Amino acid sequence: MNPSIVSLRTLRAGLRVAARTQTVSVAQRRLLSFQTPSLMRNWVFNKPQKDQKDKDDKNAPGGMWWQNHRQDGGNNQRGQGGGNPGDGKDPNNPKKPNLPMGESILTNLLVFALLSWYLSSPSNSGPRLSWQEFQSGYLEKGLVKKMTVENGARVVAELTSPVQQPNGTTTTIVEFAIGSVETFERRMEEAQDALHIAAADRIPIHYVRRSSLLGTLLPLIPTILMLAGFFFISRLGRQGGKGGPGGGGLFGMGKSKAKLFNKETDVKTNFSDVAGMDEAKVEIMEFVNFLKDPKKYEKLGAKIPRGAILSGPPGTGKTLVAKATAGEAGVPFLSVSGSEFMEMFVGVGASRVRDLFKQARQMAPSIVFIDEIDAIGKARGDATRGGGNDEREATLNQLLVEMDGFESSDHVVVLAGTNRPDVLDPALLRPGRFDRHISIDNPTVEGRKAVFMVHLKKIVTDLDREDLASRLAALTPGFSGANVANVCNEAALIAARADADSVGIKHFEQAIERVIAGLEKKTMVFTPDEKKTIAYHEAGHAICGWFLEHAHPLLKVSIIPRGKALGYAQYLPPDLNLLSEAQLTDQLVMTLGGRVAEEIYFGDITNGAADDLRKVTQYATSMVTSLGMSPKIGPVNFEIAEDGMNKPYSEETANVIDHEIRRIISEAHTKCHELIKSKSKEMDLVAEELLKKEVITREDMIRLLGKRPWSEKNDAFDKYLDNKEVKMADKSESAAKEIEKDENEVKKDDEEDKKDKEDK
0 MNPSIVSLRT LRAGLRVAAR TQTVSVAQRR LLSFQTPSLM RNWVFNKPQK DQKDKDDKNA
60 PGGMWWQNHR QDGGNNQRGQ GGGNPGDGKD PNNPKKPNLP MGESILTNLL VFALLSWYLS
120 SPSNSGPRLS WQEFQSGYLE KGLVKKMTVE NGARVVAELT SPVQQPNGTT TTIVEFAIGS
180 VETFERRMEE AQDALHIAAA DRIPIHYVRR SSLLGTLLPL IPTILMLAGF FFISRLGRQG
240 GKGGPGGGGL FGMGKSKAKL FNKETDVKTN FSDVAGMDEA KVEIMEFVNF LKDPKKYEKL
300 GAKIPRGAIL SGPPGTGKTL VAKATAGEAG VPFLSVSGSE FMEMFVGVGA SRVRDLFKQA
360 RQMAPSIVFI DEIDAIGKAR GDATRGGGND EREATLNQLL VEMDGFESSD HVVVLAGTNR
420 PDVLDPALLR PGRFDRHISI DNPTVEGRKA VFMVHLKKIV TDLDREDLAS RLAALTPGFS
480 GANVANVCNE AALIAARADA DSVGIKHFEQ AIERVIAGLE KKTMVFTPDE KKTIAYHEAG
540 HAICGWFLEH AHPLLKVSII PRGKALGYAQ YLPPDLNLLS EAQLTDQLVM TLGGRVAEEI
600 YFGDITNGAA DDLRKVTQYA TSMVTSLGMS PKIGPVNFEI AEDGMNKPYS EETANVIDHE
660 IRRIISEAHT KCHELIKSKS KEMDLVAEEL LKKEVITRED MIRLLGKRPW SEKNDAFDKY
720 LDNKEVKMAD KSESAAKEIE KDENEVKKDD EEDKKDKEDK
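Heads up: the sequence shown begins at 0 in numbering that gives the first Met the number 0, then just goes up one per residue.
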């Protein structure tokens, strides 16, 4: 039985008592005799029908609610005899639904409002008049016995005898509203003076202040509504929503936000779309094969690894591998980001971890993928340094328990991706949790070729895709898979912008420049002095790179501004795993070439070498503190924390380190100065060619300076560029003509604009 029954019965009983003890208004008398409609009797109040045999039984649906509550153990609201919560049916009488909780709350609030209205209504109310009606009809006729001012806003006048009203009734009380007590007193004094009433015989006026129960309870209504709403929502949260599964807590915050992929899900990515990471594919495919055919491994006594960490620089394809796994697995695949576990409420992260693995176990065999796991997997102690809360630690602890605790499952595999494996907690990386650590680095030349072959499938081109992929792979050293995809997309956009029928090699080369250096700034105009300074700066880099033995081979030099750079030089570094001290020193010399050229040819320096100086300082610092290439410091490694607060050496050693860094940079500067001085003629040739063409290539350098005095250590030239260049140029001749045509039109428009400005 619903508690609203008690409230309504109490109201009616209170009204009857009030009717016996005081005078009530007509509206209140009507309220005393109101009859509950049959629908309300049968549905809201759950009263038993007259023909029920158990109408006198206190345990019947119409019995007292507290007795029902005691006898059913407090589960009356959940129903008996297999009744479902929230289905709106009484198990003892299937034809009569119980009152839903939301409507129960509204019913109780309605009862509360009616009771407050009645209790706050005046018990001695009479006809309401205006001041003029009161003065002419009662005051001037001498019918007023006494007057009472209530709360300074209402006057109740008691009459000397009953007076008949227009509707046929009689009354001994009338009332009227007043604007203010001062105005009322002034009018009364003027009216009685006009009637020549002596001061001793004047009408007595009493002042009272009555407290209204409604006025007292009205400020509490918002609080009551908030508490009722909170109770209602929290109960829905415990029930998991309307008819939904349990769990989730308030607003479902504790439920996992993982996305489910299975056979019915449209996942088009598979392992054929993953290229340039053959070793990682083999490792991941082993997980998939085990889940598809576990008996093949179990008969030999093997156990599937619980999980694998995919680590590597951004853009190398960690998430792509996970997508391919979802498309190939044939088992449920749950994907979630590490940041989705954390919310502003404490405990939500751990709750979502529990719910995630609960879903995975119910669907086992299954795969769970947590992207950017470093958001919750940072080493404990470091994560809360600085006074932060331990919510992340609680989430991590729950993850550790779920992966290898008492309730862990052998048929739930966890994959995780991160580009910061060094910050992860050691307990997370140990065998039994993430058994395998799969490193996915930037692809090599052959890997980039395979990646280009994947992305070139959708590109419309007249060129041979294998030859094109080989050339582009050689032109993009150090590119990740994401960079390769970006190059292909940019090339297609450039071709579409030029209204070309297919994408040619020139489009791809422009796309590579766009990805490396940024968007070309055609509106930036240099003064002749600025252009000359930039040309000699870039020529200094080119000359050092051409004549130093261990410098990277030069591919292209440009003085066209792109992005934040006013000019740039593109090199083709080989895929080397080891770097000697001589190689690093030559890199320092080549990097300083631009600044030294400014010093020699202009006697002044500019801010154009700021980025070069930053790189030089980083190289020299690594050589001294990490690589042991300083005789005074010796073969030691001083790793400095990211915050830079704790240095693992003394102040004396710090001074020696500073001195050695300056020595290495100074020696490189001297070597660069001597080289450029000795190659002044070559410097002038390269700078003049840059001023003339703005862009010079490796072929132009060979034409101006001859072949490099050192053999190329990068076989990409012989394997992909030199032998393929003519063939590729022939195939892309139409595209090259279109590009040149567009460039000529742009130059023509610029010249016309300049002439118009000069004429004005």
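For every residue, glycine included, the Cβ atom is placed at its ideal position computed from N, Cα and C. In this text the structure is predicted, and so the values were computed from the model without any measurement.
Any beta carbon from chain B within less than 9 angstroms of residue i's own beta carbon?
{"i": "threonine 590", "result": "The structure shown has no chain B; it contains just one protein chain."}
Buried or exposed for residue i, please, with buried defined as at least 16 other CB atoms from any protein chain shown within 10 angstroms of its CB.
{"i": "glutamine 163", "result": "exposed"}
{"i": "glutamate 523", "result": "It is methionine, not glutamate, that sits at residue 523 in the sequence shown. Result: exposed."}
{"i": "arginine 29", "result": "In this prediction, arginine 29 scores a pLDDT of 42, lower than 50, which makes its location untrustworthy; the coordinate-derived value is nonetheless stated afterwards. Flag for arginine 29 reads exposed."}
{"i": "methionine 276", "result": "buried"}
{"i": "tryptophan 709", "result": "exposed"}
{"i": "threonine 222", "result": "exposed"}
{"i": "arginine 353", "result": "buried"}
{"i": "arginine 697", "result": "buried"}
{"i": "alanine 301", "result": "exposed"}
{"i": "alanine 197", "result": "exposed"}
{"i": "proline 203", "result": "exposed"}
{"i": "methionine 225", "result": "exposed"}
{"i": "leucine 219", "result": "exposed"}
{"i": "alanine 568", "result": "buried"}
{"i": "glutamine 358", "result": "buried"}
{"i": "glutamine 397", "result": "buried"}
{"i": "alanine 609", "result": "exposed"}
{"i": "serine 579", "result": "exposed"}
{"i": "serine 649", "result": "exposed"}
{"i": "glutamate 139", "result": "exposed"}
{"i": "glycine 178", "result": "exposed"}
Per DSSP, what kind of secondary structure is residue i in: helix, strand or coil?
{"i": "phenylalanine 231", "result": "helix"}
{"i": "leucine 467", "result": "helix"}
{"i": "phenylalanine 289", "result": "helix"}
{"i": "valine 444", "result": "helix"}
{"i": "glycine 607", "result": "helix"}
{"i": "valine 459", "result": "coil"}
{"i": "arginine 40", "result": "For arginine 40, the predicted model reports a pLDDT of 40, less than 50, meaning its position is unreliable; a value from the coordinates is still stated below. Correct three-state label for arginine 40: helix."}
{"i": "histidine 668", "result": "helix"}
{"i": "arginine 360", "result": "helix"}
{"i": "lysine 377", "result": "strand"}
{"i": "threonine 652", "result": "helix"}
{"i": "isoleucine 632", "result": "coil"}
{"i": "isoleucine 303", "result": "coil"}
{"i": "threonine 475", "result": "coil"}
{"i": "lysine 298", "result": "coil"}
{"i": "arginine 127", "result": "strand"}
{"i": "valine 273", "result": "coil"}
{"i": "leucine 224", "result": "helix"}
{"i": "leucine 142", "result": "coil"}
{"i": "valine 502", "result": "coil"}
{"i": "lysine 646", "result": "coil"}
Heavy atom of the ligand MG less than 8 angstroms from the Cβ of residue i, yes or no?
{"i": "arginine 702", "result": "Questions concerning the ligand MG fall outside what the structure shown contains, since it holds no ligand whatsoever."}
Could you please give me the residues that DSSP links to residue i through a beta bridge?
{"i": "glutamate 149", "result": "Arg153 and Val207"}
{"i": "glutamate 519", "result": "Arg561"}
{"i": "glutamine 163", "result": "Thr169"}
{"i": "arginine 201", "result": "Its beta-bridge partners do not exist; DSSP assigns none."}
{"i": "glycine 811", "result": "With the chain covering only 0 through 759, there is no way to say anything about residue 811."}
{"i": "lysine 695", "result": "A small correction: the amino acid at residue 695 is isoleucine; lysine does not occupy that position in the sequence shown. According to DSSP, which records beta bridges pairwise, isoleucine 695 is partnered with Val556."}
{"i": "leucine 427", "result": "Beta-bridge pairing links leucine 427 to no other residue."}
{"i": "leucine 158", "result": "Val143"}
{"i": "valine 411", "result": "Ser365"}
Could you give the first and the last residue of the continuous alpha helix (DSSP H) run that contains residue i?
{"i": "alanine 193", "result": "180-193"}
{"i": "glutamate 638", "result": "No alpha helix (DSSP H) holds glutamate 638; DSSP gives it neither H nor E."}
{"i": "histidine 436", "result": "Element bounds for histidine 436: not the alpha helix (DSSP H) but the beta strand (DSSP E), 435-438."}
{"i": "valine 685", "result": "679-692"}
{"i": "lysine 531", "result": "527-546"}
{"i": "glycine 136", "result": "Segment: none, glycine 136 is in no alpha helix (DSSP H) and carries neither H nor E."}
{"i": "threonine 394", "result": "390-402"}
{"i": "alanine 484", "result": "480-496"}
Could you spell out the range, first to last residue, of the beta strand (DSSP E) harbouring residue i?
{"i": "isoleucine 369", "result": "365-370"}
{"i": "phenylalanine 175", "result": "169-176"}
{"i": "serine 710", "result": "Careful: serine 710 lies outside any beta strand (DSSP E) and carries neither H nor E."}
Handout entry: Minimum length 4: unbroken alpha helix (DSSP H) runs contained in the segment 553-605
Key = 580-590 and 592-601
Exercise for the section: Tell me the start and end of each unbroken alpha helix (DSSP H) in the segment 309-356 that is at least 4 residues and wholly inside, in chain order. Expected result: 317-328
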